[in-house]
Structure formats: C-alpha cells, structure tokens
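Position 337, counted from 1, in the sequence shown is what the UniProt record's numbering calls 337; the numbers after and before it change by one each time, with no gaps.
Glycine is no exception: its CB is placed at the ideal position from the N, C-alpha and C atoms.
So the structure is just underneath, and the comments pick up after that.
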Amino acid sequence: MSSDHNPEEKEKKKAMQADYILRKSNKSKYDYNLADRISELADEVLVSILTLLPLNEAATTSILSKRWRYLCRYVLASTMTLNFDAEKTLCSLIDLNREEREQKISRYVDWVNSVVEQHTWPNIEQFRISFDLDNSFSSSINKWIQFALKKRVQILELDFSEDGIHHRQKSCYNFPHELLGISRGSTSTAVCCEIPSLNPCVYLGLKSIRVLHFNFVDVAEEVIECFLSNCPVLERLSVFHSPNLVNLRVVGPLIALKYLVIRRCNSLESIEICDANLVSLSYVGNEISLLLRNVPLLVEVSISEDCICNNFIEVAFTQLSCCLSQLEILKLTDQIVPYKRDRIFPILANLKHLEIIFEEDNVCGLLQLTSFFRASPCLHRLVLYLQMDYTKSMRGKIKYKKAKCSHNYLKIVELVGYDGHTTDFELVKYLAKTAVKLEKIVIKGEEEGPWRKMARDVAMHKLKEKVPSTIEFVHR
C-alpha cells in the first residue's frame, strides 16, 4: 500500500514537518533575540565600544544598520585620537601592480579626507598618518596638517615610509615653509619671533603640540627651528630619513624640548644643542659634528655613527665632555671600541646603564670591559651586543687575556646575540666573578631553527652549572 494512503504515515510526516517548522522558528527567534540584545544596548555603551576600535574597524560597523551608521559618524566626528594606520594595506602594496597600488593609495587618501571633513570636535589629542605617500600628495597632506593644527593637536605624526620599510624611491613629502608662515632661509632670530603671516588658528595650534614625529618628510632646518621656538610645550621631537636636513640647532632655555631622536638623515652635518633643557638625545647616522654646551639636564645619550675611524670612543667622549659626569644612560651600539692599553676613560660617576658592542673574537675583550667597569663605578645594568668574526674563530680556540676587576653595583647583564659559543662561556664566567652583586643574566639569542635552539639550550644548561646559583638566568 502506498504511504500516501497510509493514515499512520501521513500523521508521522505531519509531525516531522511540524517539528522542523518549530525548530526553525525557535532558531530564528534565538537569532533575533541575539541581535535584539545588541540593539538594546544604550547608545553610550555602543559609542564606548566604537571608540576602543581602530578608526578603520570602527568605520566598517556603519554597514550594519542605520543606527550603527549614525553612531559611527558620531564617533568619527568626535574622536580625540585620529590614528590613520593602515599597516596591513601598506605591507601588501609591494605585491600589487601599479594600477592596484594607486587604487589602494587613493582609497587611503579618500578615507582620511572623509574623516577630516566629518570631524566636528574642537580639539584632538593625536593625528597620525602612516602610509606610502610622496610629494605628489602634498595638497592633501597640507590640508591634513592645517586641520590638525586648527584642532590644537597634541601629538602630530607623519610617517611616509614606503611598503612599511625604511626607504623611499619617490620624492619625500616636502614640509612647506608657507604653512608655518616663514620664508626659506629664515634666520634663527626671525624664526624665534611670532609669526604675523600665519593663520591665527594654525598659530594657536602650535601652542598645543607636545610630540612631533617626522619619517620620510623633507623638513628644513628653519621649519624645525620654527616648531621649537613656537611650540612652548613641545617635549619630544623625532626626525627620521629627512633627506635635505643639514644642520640642526636646539639653542636657548626657552625651548621646552626634552627628548630628541635623529635617525638616518643622510645630509646632516651637525647638531648643536646649547643652553637647553634636553634630557635625552639619540642619534643614528653618518659621522657628524656634535656640539653640546650647558645641558645640565641631559642624562641619556645614544650614539650610533657610521664612523670608519679607530678613535670613535675618543671622539664620542670629547663631544660629550660637558655632560659625561652627569650621564645615567649611555648607548654606543654601532661601533666596536678597540682596546688600547694606554687609554684612560673619563670617570662616568653617575652612569647606571651602559650598552656597547663586545667583540667575542678579540683576545683583549675582557680587558676592554674592565676599562668600562673602572670608569663606571655605579653601573647597574650592562647590555652587550655580541659580535663574532667566525673566520677568526675557525682558526682555533680564542683565549682571552686575563682581566682582574671587582664591581660592587652591577646587578643585571643582558647578552644580545648569544649563541652558546665557547667564548660566551668565558664571558659569563668573567661577569659572574667580577660583578660580586650580580643578580640576573638576560640572554637574547638570534632568530634560530630547532637545531640551533637545541644547541643553545644545552649550552645554557652547562653555563648555569658554572656560575653561582644566586644568579637568575632569563631567556627572551
């Protein structure tokens, strides 16, 4: 008999259909309740959630509904932090053809323009551009800077590195003198006075800047001096890869700058810092003339120069002579300091943190360390960047010349580039014996595969057996 004419089969089929409809109904109701729970949240709560998201992620929520679109617009119009960081897109540009690349860049510019046009809040804390933009986009970039200054921005960052790496093939964005109301070649005296030709809103905006960061921005000496002289609360300035910066001056007690970082400005010839309140100075680049005079607050200096001379340390100590006795942190991390038996280091009476290169294949390496120890009686932390010429080490075991010294304050040693070589053993044993109050040894190895990691772990195990158990070993 056909199931269509069987009453029991009909009832069973109806029951199955009813059950399916009921389950589908319950699922839809459950999904609806989930969506409804989100929509029941107060606007204030949703706004708080949106403000925690990066700008690009917050913008994507506008497609959810009209309400979300309204809330998104409100957040973008009132946010105090405008961080236009598109790192994922930036890193992907290198794999695109020219047309696709230009489309991505155009979308980024449109995105920034859209947010800037919608923003209605009177002030902002941060304005950050981080994307591959060259001087062909100067018109848009100029408008963004004017916008940020009119909003009395506190942190202004312009990072135009290409493909997320440290180079540019096209011309850098040229920071216009006209935007600050100054003429090219202005003298420092003219820069220090007020700027009558500047838009009042822009001029007032200079008064709020606390942090300035330029990366791949062609910024001239007079532009930097204008910022320094007219930004009374500017404490941090960093300039990276500015191609035509030749001389940099930070002169006068009225300048508020405390932290200065200069990296890879290849045309730079000199830095002059006089009668200033600077606390920290970091320089990476070609050998330059560094003039320091009357900098009583300077306690941290980092110098990494591409110097080919053998008297790098003498030059550095001469340039820093006016502040050596007050330095607390000193980093000399690009040049190997060759050992000289008759060299006498000046006393670094307040030095607590030292970073230098340690030449593992130099038989006088420990003697060199001893010289630094004797010159730094209050040293608390030592960071050694280990370098080895393996063509020398293959010729036979390197035996260090004995060095005797006792240091009573050193507590932490960090070894960067440790690979478990025999000379590393000798170095650690020397440090454990010399630093009588040593508490911790931090090991930072190179990027490594499984076999190298295994060898390093075995070496560290043996190393622990040869030093006092009171010393803590940390691997990072």
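Within the DSSP bridge table, the entry for D85 names S130 as partners. With the rule of 3 Cβ pairs closer than 8 Å, the stretch 171–183 does not count as touching the stretch 232–239. DSSP places D110 in the uninterrupted alpha helix (DSSP H) bounded by 98–118. Classified as buried, Q368 has 16 or more neighbouring CB atoms from the shown chains inside 10 Å of its CB.
The C-beta distance from Q154 to V219 rounds to 19 Å, too long to meet the 8 Å contact threshold. Annotation: the stretch 280–347 contains the following complete segments of the beta strand (DSSP E) (minimum length 3 residues), in chain order: 280–286, 289–293, 300–306, 329–332. The beta carbon of Y339 sits closer than 8 Å to those of N362, C364, G365, L367, Q368, S371, all from its chain and outside the five residues before and after it, given in chain order. Within the stretch 197–222, the complete alpha helix (DSSP H) segments at least 4 residues long are 200–206, listed from N- to C-terminus. Under the three-state reduction of DSSP output, V474 falls in the strand class. A straight line joining the alpha-carbon of L431 with that of K404 spans about 11 Å.
In summary, L228 is buried, with 16 or more beta-carbon neighbours lying within 10 Å of its beta-carbon over all protein chains present. For I271, the three-state secondary structure derived from DSSP is strand. For N247, the enclosing beta strand (DSSP E) starts and ends at 247–251. A straight-line Cα-Cα distance of about 12 Å links P346 and Q326.
E360 sits away from L332, with the two beta carbons spaced by 8 Å or more. Look at H461 here: in three-state DSSP terms it is helix.
Using a C-beta cut-off of 8 Å, the stretch 264–271 makes no contact with the stretch 294–301, since fewer than three inter-stretch Cβ pairs fall below that distance.
Within the same chain, K151, R152 come within 6 Å of N123 by CB-CB distance, once the 5 residues on both sides are set aside.
Residue pairing of D159 in beta bridges, as defined by DSSP: S130, N215. DSSP places K143 inside the alpha helix (DSSP H), whose first and last residues are 138–150.
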